[in-house]
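Going by this note's numbering, the first residue of the sequence shown is number 3, and it counts up by one from there. Ideal Cβ positions, reconstructed from N, Cα and C, are used throughout, including at glycine. Here's the structure, in structure tokens; my notes come after.
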Amino acid sequence: MAEYLASIFGTEKDKVNCSFYFKIGACRHGDRCSRLHNKPTFSQTIALLNIYRNPQNSAQSADGLHCAVSDVEMQEHYDQFFEEVFAEMEEKYGEVEEMNVCDNLGDHLVGNVYVKFRREEDAEKAVMDLNNRWFNAQAVHAELSPVTDFREACCRQYEMGECTRGGFCNFMHLKPISRELRRELYGRRRKRCLEGSRSMSPDVWRALGPCL
Ligand SMILES: [Zn+2]
Ligand SMILES: [Zn+2]
3 MAEYLASIFG TEKDKVNCSF YFKIGACRHG DRCSRLHNKP TFSQTIALLN IYRNPQNSAQ
63 SADGLHCAVS DVEMQEHYDQ FFEEVFAEME EKYGEVEEMN VCDNLGDHLV GNVYVKFRRE
123 EDAEKAVMDL NNRWFNAQAV HAELSPVTDF REACCRQYEM GECTRGGFCN FMHLKPISRE
183 LRRELYGRRR KRCLEGSRSM SPDVWRALGP CL
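As structure tokens, then:
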């Protein structure tokens, strides 16, 4: 029996534990979900909730028909955001294995950033510290996330460009960064010692403090 329960834990057959929270770290029912959301006490992954704002979702032109932000501008804005957050995580808390940003539109997933650290201690430290900070004039909400395997959390159809549920899909739609940035961030680790750290733009991250 125990073995059976272990084999269905967090799957659709599990009537006790929420499979969405288990796999994706977020569920559209939130605290009202009828199944359990088992918040991890240890994890390599943290979630920064609703922190990325896609300028294309808020910037409409005056006639309301055209998006005022071009795809190129949006990608530049996104790459810059990604690089800033990634660099801040590595400088302040420790080595990052991977970082992913949701392009979903549902309230529980919109703008979520998932940072998977190499060490659990770094993730723990990051959550404690980040909840006392502000990013782009909004309070940061960080928590440990149960997601460690992003392939399980991702929408396969989205990756093939075929998801018919669009932004309100309940699986992660991960927003890709440019190839150049990917090479820079993930290729950097081998030569990191030679380069030293880059400095951050000072006005984005803020400690909770007198500036309030
Ligand atoms: Zn749930
Ligand atoms: Zn999808």
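(request) List the residues that DSSP assigns as beta-bridge partners of glutamate 100. (result) Lys118
(request) Return helix, strand or coil for arginine 135, following the three-state DSSP convention. (result) strand
(message) Tell me the DSSP secondary structure of glutamate 145 in three-state form.
(response) strand
(request) Starting from the C-beta of alanine 128, find all residues in its chain whose C-beta is less than 6 Å away, skip the five residues before and the five after it, and write them out in chain order. (result) Ile48 and Tyr95
(request) List the DSSP bridge partners of alanine 89. (result) In the DSSP output, where bridge partners are listed per residue, alanine 89 has none listed.
(request) Tell me where the alpha helix (DSSP H) around leucine 187 begins and ends. (result) 181-189
(message) Within a Cβ cutoff of 6 Å, which residues of the same chain sit near leucine 214, ignoring the five residues on either side of it in sequence?
(response) Only weak support exists for where leucine 214 lies, its pLDDT of 34 falling under 50; the value from the coordinates is given anyway. For leucine 214, where only same-chain residues beyond five positions count, there are no Cβ hits under 6 Å.
(message) So, with DSSP's three-state summary, where would you put glutamine 46?
(response) coil
(request) Return the chain-ordered list of same chain residues with a C-beta closer than 7 Å to the C-beta of leucine 183, the five sequence neighbours on each side being excluded. (result) Asp81, Phe84 and Glu85
(request) Report whether the distance from the Cβ of cysteine 29 to the nearest heavy atom of ligand 1 is below 7 Å. (result) yes
(request) Check asparagine 52 in the structure and name its three-state DSSP category. (result) coil
(request) Just the C-alpha distance for isoleucine 53 and alanine 28, rounded to the nearest angstrom, thanks. (result) 15 Å
(message) Considering Cα atoms alone, identify which of Glu5, Leu187, Cys156 and Leu132 is closest to lysine 177.
(response) Cys156
(message) Tell me which residue opens and which closes the alpha helix (DSSP H) that serine 60 is part of.
(response) 57-60
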